[in-house]
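Undergrad: Numbering (full-length UniProt numbering), first residue to last: 1 to 391.
1) Give me, in chain order, the residues of the same chain whose beta-carbon lies closer than 6 Å to that of residue 305; leave out the 5 immediate sequence neighbours on both sides.
2) Let me make sure I understand the geometry here. Which of 24, 368, 83, 56 has the alpha-carbon closest to that of residue 235?
3) Taking C-alpha atoms, which residue in 296, 152, 30, 365 lies nearest to residue 196?
4) By DSSP, does residue 379 sit in helix, in strand, or in coil?
5) Out of 315, 281, 289, 292, which one is the CA nearest neighbour of residue 300?
6) Would you mind stating whether residue 119 and residue 94 have Cβ atoms separated by less than 7 Å?
7) For residue 215, which residues does DSSP report across the bridge?
8) Go through its chain and collect everything with a Cβ distance to residue 370's Cβ below 7 Å, but skip five positions before and after it.
9) When burial is assigned at 16 or more other CB atoms within 10 Å of the CB, is residue 257 buried or exposed?
10) To the nearest angstrom, how far is the alpha carbon of residue 158 from that of residue 27?
11) Have a look at residue 31 and residue 145 and give me their C-alpha separation to the nearest angstrom.
12) Kindly identify the DSSP beta-bridge partner or partners of residue 308.
13) What are the boundary residues of the alpha helix (DSSP H) that residue 19 is part of?
14) Would you mind sorting residue 228 into buried or exposed? The rule is 16 or more other CB atoms within 10 Å of its CB.
15) Between residue 311 and residue 211, what straight-line distance do the alpha-carbon atoms span, to the nearest angstrom?
16) For residue 183, is the classification buried or exposed, using 16 other Cβ atoms within 10 angstroms of its Cβ as the cut-off for buried?
17) Looking only at its chain, what residues have a beta carbon closer than 7 Å to the beta carbon of residue 395, apart from the 5 residues adjacent to it on each side?
18) Assuming residue 181 and residue 71 are in contact, meaning their beta carbons sit under 8 Å apart, how far apart are those beta carbons, in whole angstroms?
19) So, with DSSP's three-state summary, where would you put residue 233?
20) Check for me: the alpha helix (DSSP H) holding residue 101 runs from which residue to which?
21) Under the rule that 16 or more other beta-carbon atoms within 10 Å means buried, what is residue 341, buried or exposed?
22) Give me, in chain order, the residues of the same chain whose beta-carbon lies closer than 8 Å to that of residue 80; leave out the 5 immediate sequence neighbours on both sides.
23) May I ask you to report which of helix, strand or coil DSSP gives residue 165?
24) Hey, out of 98, 248, 192, 331, whose CA is closest to residue 160's CA?
25) Rounded to the nearest angstrom, what separates residue 2 and residue 352 at their Cα positions?
26) Go to residue 54, then tell me how far its alpha helix (DSSP H) extends in each direction, as first and last residue.
27) In three-state terms, what does DSSP make of residue 357?
28) Measure the beta-carbon distance from residue 74 to residue 217 and round it to whole angstroms, keeping in mind my assumption that it falls under 8 Å.
29) What are the start and end residues of the alpha helix (DSSP H) that includes residue 34?
30) Could you have a look at residue 315 and say whether DSSP puts it in helix, strand or coil?
31) In angstroms, rounded to a whole number, what distance separates the CA positions of residue 245 and residue 373?
32) Sort 366, 349, 324 by Cα distance to residue 381 and report the nearest one.
33) Taking only heavy atoms of the ligand GTP into account, decide whether any of them is closer than 6 Å to the Cβ of residue 325.
34) Return helix, strand or coil for residue 416, following the three-state DSSP convention.
35) With a threshold of 7 Å on Cβ separation, who are the neighbours of residue 62 within its own chain once the five nearest residues in sequence on each side are excluded?
36) In three-state terms, what does DSSP make of residue 78?
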């Protein structure tokens, strides 16, 4: 029996979302930028309906929602749009050490290419950010620079949840801008962008049972009204699409599938969240009891209800994954799984290289049932025994 427990990497598409995508591709195929005929008008109307629905799901204003190809493009657009084409010496980026590589690599690239200052914000052994240190770091800038703070809502490997509303208050008190990667949070915990005080937010469809290849960047109206230093620079040029914020023909079918998947996921969240968390807690309890030397990373921090990061000492996680091909778990972020170096997230929480190499990420989803958990537990325990005997 094959068991899929890698929902933080991607999710199967919601059947209703798949039907919406197929119907649009067949019957509503017009270009929403074609304003001279009904095919374009119908596509444009459908696109705005999708924008409204997604914005409602995350407590955002629709006019600030820009459709992109995914969270990576959204994050690149926000970061590179902040740095822009000039004035680099007057700008700085503060970025969490455990952020996704889509954020970290973009920041490092910008620093190399422009000289814009980038400073890493450390996390502790539980994956938590020191809020007082963030406050002190921002205060030290003294308002001399335009500062962007990039901190995710939920970590993709450990599941650690940052207190976004508190962070936003600290950032705004210092006159800085907050970019929040919501890729793992949307659909797993309640999200309200407006009340949280987020300025820029990125998320995507394929983490909430929608199609791949479509995402969103949200730009708060408060940002443009409050901070005249914010000069938005589109990443993709070539047309006035998305209010001149992202050139290129918009993926209408993807946007409609995104909206339906997001709506369906949010609607079942009150029931699904506690059910999935109970399954995750059962999984962790059995692992800790049955496998000597196992530990749950960041166990004492607020975490996503579906995510666990396990360190099983004395066993290579890569060897463990290869030994149980019928259990789909991962050694970390899907984007970095082909790399040989240890996860930067696990190193950021203080694990040694050897410990990081012994870590598995297990992430549950809407289709997960107790039978999946029991099957995975049996196969993990058996594989650990085999590998330890062979070592």
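We put the CB at the ideal spot given by N, CA and C, even for glycine. What you are looking at is a predicted structure, and each value in this text was computed from that prediction instead of being measured.
TA: This is what the structure holds:
1) 273, 276, 277
2) 83
3) 152
4) helix
5) 281
6) yes
7) 68, 204
8) Counting only Cβ-Cβ distances below 7 Å, and skipping sequence neighbours, we find 279.
9) buried
10) About 42 Å.
11) 42 Å
12) 362
13) 15-27
14) Model confidence at residue 228 stands at a pLDDT of 49, short of 50, so the residue's coordinates are unreliable; what they give is reported in the following sentence. Classification of residue 228: exposed, given that the 10 Å Cβ count is below 16.
15) 32 Å
16) Around the beta carbon of residue 183, 16 or more other beta carbons lie within 10 angstroms, which makes this residue buried.
17) What is shown of the chain runs 1 to 391, which leaves residue 395 out entirely.
18) 7 Å
19) coil
20) Where residue 101 is concerned, the enclosing alpha helix (DSSP H) starts and stops at 101-114.
21) exposed
22) 106, 110, 233, 235
23) helix
24) The residue from 98, 248, 192, 331 with its alpha-carbon nearest to that of residue 160 is 98.
25) For residue 2 and residue 352, the distance between alpha carbons rounds to 32 Å.
26) 38-57
27) coil
28) Correct: roughly 4 Å between the Cβ atoms.
29) No alpha helix (DSSP H) holds residue 34; DSSP gives it neither H nor E.
30) coil
31) 44 Å
32) 324
33) For the structure depicted, the ligand GTP is absent and the ligand set is empty, with no information on it obtainable.
34) Because the chain spans 1 through 391 in this model, residue 416 falls outside it and cannot be assessed.
35) 51, 52, 55
36) helix
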